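Chains as they are written, first to last, in my numbering: chain G, 124 to 226; chain L, 1072 to 1790.
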Amino acid sequence: MLYPITPTHYLVLGAALLAIGTIGVLARRNIVIILMAIELILNAVNINLIAFSHHLGQVHGQVFAIFVITVAVAEAAVGLGILIALFRNRETVQADEINLLKW
Amino acid sequence: MNFLELVWLIPLFPLAGAVLMLLLGRWLDPQGPSEVAVAPGVTTQAATQPPDGRHGTRHARGSRVSISLLCPGTVLISLIFSIGAVAQLASLPERSYQVIKFTWVAGLPFFTQSGAQARFAADWGFLLDPLSSVMVLVVTGVGFLIHVYSIGYMGHEGGYYRFFGYMNLFVFFMLMLVLANNYLLMFVGWEGVGLCSYLLIGFYFHRKSAADAGKKAFVVNRIGDAGFIMGMLLMFSVFGSVRFADVNAALAGGRFPAETAGLGVLTAIALLLFLGATGKSAQFPLYTWLPDAMEGPTPVSALIHAATMVTAGVYMVARSHLLFRLTPEASAIVAAIGAFTAILSASIALVQNDIKRVLAYSTVSQLGYMFMACGVGAYWVAIFHLYTHAFFKALLFLGSGSVIHALGGEQDMRRMGGLKDKIPITYWTMVIGALAISGIPGLAGFFSKDEILWQIYSSPQGSRFVYGVALLTAGMTAFYMWRLIYMTFHGAPRADRHTLAHVHESPPVMTVPLVVLAAGSVLAGWIGVPRLWAFVPDSFRLFEHWLAPAVSLAGPAHAAEHPHDAATEWLLMAISVGIALAGIAVARHFYVTRPERAAALRQAAGPLYTTLVNKWYVDEIYDFLFVNGLGKSGGSALARFDNRIVDGGVNGAGWITRLASVLSIWWDTWIVDGAVRLTSFLVKAASFPVRILHTGSVQAYALVIVLGAAVVFAWYLMR
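Below you can see the structure in the form of structure tokens.
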């Protein structure tokens, strides 16, 4: 039987994505994966925005999602740039090996 | 060309030569910087061959020509400028020309003894007057001839450029000495000639005796120079100036504090200046350096230690004649010292066997004559004798150099003899020199020496006793000089066969100066003919007319100064000539006619002879009193003082400083550093619990942020 897709479904999906992304950011060691996990978090937010936009019958949320995508692209570009510079210096992309800022 | 205005250039030509030689000479000399200096005349293989083969092949042999032309050339140019300047000086009515180039020393003002404000100042100024003109001509003229002679004499020796550099430097300083217009600049020349004398006496510096002799000359001269400096400063404190013109004007005008006259400060100044003169002009008690100075090359002995430098003292006394005229006690001491030195050194010369030492003692003796003349107030006669002496003594020294050259370095007259026909030019020129110094009428020495004797006899300051001493000295002079001639040139040859085979007359570059000086020794006196010879025209008294007014008290009273007793003067002249001839005859008797008697006389004289050979033991006495007594004993006393008191003070100060530094270190370590370390320790301790959170791991931070957000969120939900 077919259930209508309610905002609750969207929110659950968003929450799942947020959880996966958060765990990815915290648990994975490869910075490339960490960046991908950050994208997941952002997209979880996007799904929430779109869901509420649809639910409320307004386009504000969709416009805001476009903004988030734009910012995410810029963030990815800057993040990968930093990553390459880091790799050239340290020859590693493992986050736990980059721990200069300790006591 | 106005030579008078260019008088300041005269010393600069030899200076240029000296600078060129001493800076660049080693590249002009084919033997390069080799310091192979060998004894005179010893032309060993090592000396004639350049030690560095590369040098020898790159430069052709004989490119020493550049040095040989340049160095005497600079003196020749100075001579030409001097002649020009003196000729133009003669046409000036005041007969005195002063050029002041710039103020050389400018001191702070202060008050002199007479209460006037003065400023110690000295010009770089030059004064040409009759007195300095005579000296300039003697220095450049005789200096030029000796430079030419040196080309031949030093030709085979190492350090050729060094020799000529020093010689040119000497001429520069000597010209500064005689041309200076103040005592301080004169002192510059005075010290400079002393330096050159030191350098040239020690020219063969690898020989210890030569190095020692140079040192001795320098040290003994220092004693005199100290007197000169003190006299000069005392003079400044009285007159407020050291310029000749100012001092003489003050003295002539009586512008000095009355209490300084008589046996006061003026006498002290005169005696201190004379102390300087005894050092430079080798008078008792400071004469001992001059005989030792014969270690230098013979041209040096001729130029510096006979003709020019040693006469600087006479020049200085004549330059200060007004001062000495005002201090009769000082003048009396000058005359006494002169007389004593003259007879002392003449007596030593009687028995010396080293040809150059005889001449050295003779020089000391003749300088004594000059001081006798100064002491009795006959300054122009002293300068006249200085001028004639420059000719015949330079001639005798250069002649002895020629003999030494011919014998390959032999200086002992006991190993000479019989050289008359082998080196005739040297022989005849030396005979002329010996005749001149003996005082045979017609030759230069006669005119000056006879005038001195007459002045000593007739001057109000003279005395019969001094006259007797001078006369005896004259006889001794004739004896030792002819003893030298007879031992060197007459009799059987006593040199060994090898040396005799190589005896040769010197090259023309050496004999021509000898001939010129011999001509000078004959003719030089004819410009100072005695007034007694009324049959000679007055133009033959040029020297007296030229110089006497300059070194006399102003005024025409001079002519009336000596009431002429013609008969007495003729008699004295006959006596002095007679005693000279007697001296020659005695010498001939002992060394030619009856040589065996000389040995007998030596036996008979016994202790006296030994004393004379040992030069009255003056050197030994000085060694005992000063070198060992004052020098070594005093030195060890000073060393004790130095070790205990001075060093003790220094060490004590060091100990206290070290103690203070130990305390300071403690304070620094525990208090100052402690405070700093305590601060940092406190900060560190306080931060300890916090800093363990800083793991450096970004993900750990992120986890904390997430957990924190979760806690806030949970709190928000459960509220």
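From the three backbone atoms N, C-alpha and C, an ideal C-beta is built for every residue, glycine too.
Owing to the predicted nature of the structure, the values given are computational and were not obtained by experimental measurement.
Length of the line joining the Cα atoms of residue i and residue j
| i | j | result |
| --- | --- | --- |
| residue 1548/L | residue 1510/L | 9 angstroms |
| residue 1163/L | residue 1170/L | 15 angstroms |
| residue 1792/L | residue 1284/L | This structure cannot settle anything about residue 1792/L, because the visible part of chain L is limited to 1072 through 1790. |
| residue 1305/L | residue 1383/L | 21 angstroms |
| residue 1127/L | residue 1228/L | For residue 1127/L, the predicted structure reports a pLDDT of 37, less than 50, and the residue's modelled location is therefore unreliable. The matter cannot be settled from this model. |
| residue 139/G | residue 149/G | 15 angstroms |
| residue 1790/L | residue 136/G | 26 angstroms |
| residue 1497/L | residue 1376/L | 20 angstroms |
| residue 1522/L | residue 1620/L | 17 angstroms |
| residue 1125/L | residue 1241/L | For residue 1125/L, the predicted structure reports a pLDDT of 36, less than 50, and the residue's modelled location is therefore unreliable. The matter cannot be settled from this model. |
| residue 1108/L | residue 1358/L | Low per-residue confidence applies at residue 1108/L: pLDDT is 46, beneath 50, and the placement is therefore not dependable enough to give any value. |
| residue 1159/L | residue 1084/L | 20 angstroms |
| residue 220/G | residue 130/G | 42 angstroms |
| residue 1110/L | residue 1150/L | Note that residue 1110/L has pLDDT 46, beneath the 50 cutoff, so the model's placement of it is unreliable and no number is given. |
| residue 165/G | residue 154/G | 17 angstroms |
| residue 1193/L | residue 1250/L | 14 angstroms |
| residue 1544/L | residue 1181/L | 49 angstroms |
| residue 1268/L | residue 1288/L | 8 angstroms |
| residue 1559/L | residue 1490/L | 7 angstroms |
| residue 1605/L | residue 1595/L | 19 angstroms |
| residue 1094/L | residue 1220/L | 24 angstroms |
| residue 1152/L | residue 1178/L | 33 angstroms |
| residue 1157/L | residue 1432/L | 33 angstroms |
| residue 1708/L | residue 1723/L | 21 angstroms |
| residue 1365/L | residue 1187/L | 48 angstroms |
| residue 1682/L | residue 1673/L | 12 angstroms |
| residue 1591/L | residue 1463/L | 8 angstroms |
| residue 1391/L | residue 1564/L | 50 angstroms |
Chain G contact for residue i (CB, 8 angstroms cutoff)
| i | result |
| --- | --- |
| residue 1785/L | no |
| residue 1768/L | yes |
| residue 1774/L | yes |
| residue 1777/L | yes |
From the options, residue whose alpha carbon lies closest to that of residue i
| i | options | result |
| --- | --- | --- |
| residue 161/G | 222/G, 224/G, 195/G, 210/G | 195/G |
| residue 1075/L | 1199/L, 1313/L, 1479/L | 1199/L |
| residue 1372/L | 1713/L, 1475/L, 1427/L, 1391/L | 1427/L |
| residue 1618/L | 1307/L, 1370/L, 1576/L, 1389/L | 1389/L |
| residue 1570/L | 1553/L, 1488/L, 1646/L, 1504/L | 1488/L |
| residue 1697/L | 1095/L, 1153/L, 1218/L, 1290/L | 1290/L |
| residue 1456/L | 1679/L, 1307/L, 1438/L, 1219/L | 1438/L |
| residue 1270/L | 1256/L, 1257/L, 1368/L | 1368/L |
| residue 1420/L | 1465/L, 1347/L, 1555/L | 1555/L |
| residue 217/G | 1665/L, 1585/L, 1777/L, 1768/L | 1768/L |
| residue 1096/L | 1664/L, 1136/L, 1294/L | 1136/L |
| residue 1248/L | 1264/L, 1239/L, 1477/L | 1264/L |
Residue-level contact to chain L via CB, residue i, 8 angstroms cutoff
| i | result |
| --- | --- |
| residue 203/G | no |
| residue 209/G | no |
| residue 224/G | yes |
| residue 200/G | no |
| residue 167/G | no |
| residue 213/G | no |
| residue 206/G | no |
Note down, in chain order, all residues in the segment 138 to 164 of chain G with a beta-carbon under 7 angstroms from any beta-carbon belonging to chain L. 145, 148, 149
Could I get the ranges of all uninterrupted beta strand (DSSP E) runs contained in the segment 180 to 204 of chain G, with 3 residues as the minimum, in chain order? none
Could you tell me which uninterrupted beta strand (DSSP E) segments, each at least 3 residues in length, are contained entirely in the segment 1576 to 1615 of chain L, listed from first to last along the chain? none
Going along the chain, which residues of the segment 170 to 198 of chain G sit with their C-beta nearer than 8 angstroms to a C-beta in chain L? none
Going along the chain, which residues of the segment 1742 to 1764 of chain L sit with their C-beta nearer than 8 angstroms to a C-beta in chain G? 1762, 1763
Whole alpha helix (DSSP H) elements within the segment 1514 to 1548 of chain L, 4-residue minimum: 1515 to 1529
In chain order, which alpha helix (DSSP H) runs of at least 4 residues are fully inside the segment 1171 to 1234 of chain L? 1201 to 1224
What residue ranges within the segment 1646 to 1703 of chain L form continuous alpha helix (DSSP H) runs of no fewer than 4 residues, ordered along the chain? 1666 to 1676, 1678 to 1684, 1689 to 1693
Going residue by residue through the segment 1307 to 1387 of chain L, where are the continuous alpha helix (DSSP H) segments of at least 4 residues, counting only ones entirely within it? 1315 to 1323, 1336 to 1351, 1360 to 1363, 1369 to 1373
Secondary structure, alpha helix (DSSP H): runs of 4+ residues fully inside the segment 1698 to 1780 of chain L: 1705 to 1712, 1718 to 1737, 1744 to 1762
Residue ranges of each alpha helix (DSSP H) within the segment 1245 to 1272 of chain L, 4 or longer: 1254 to 1272
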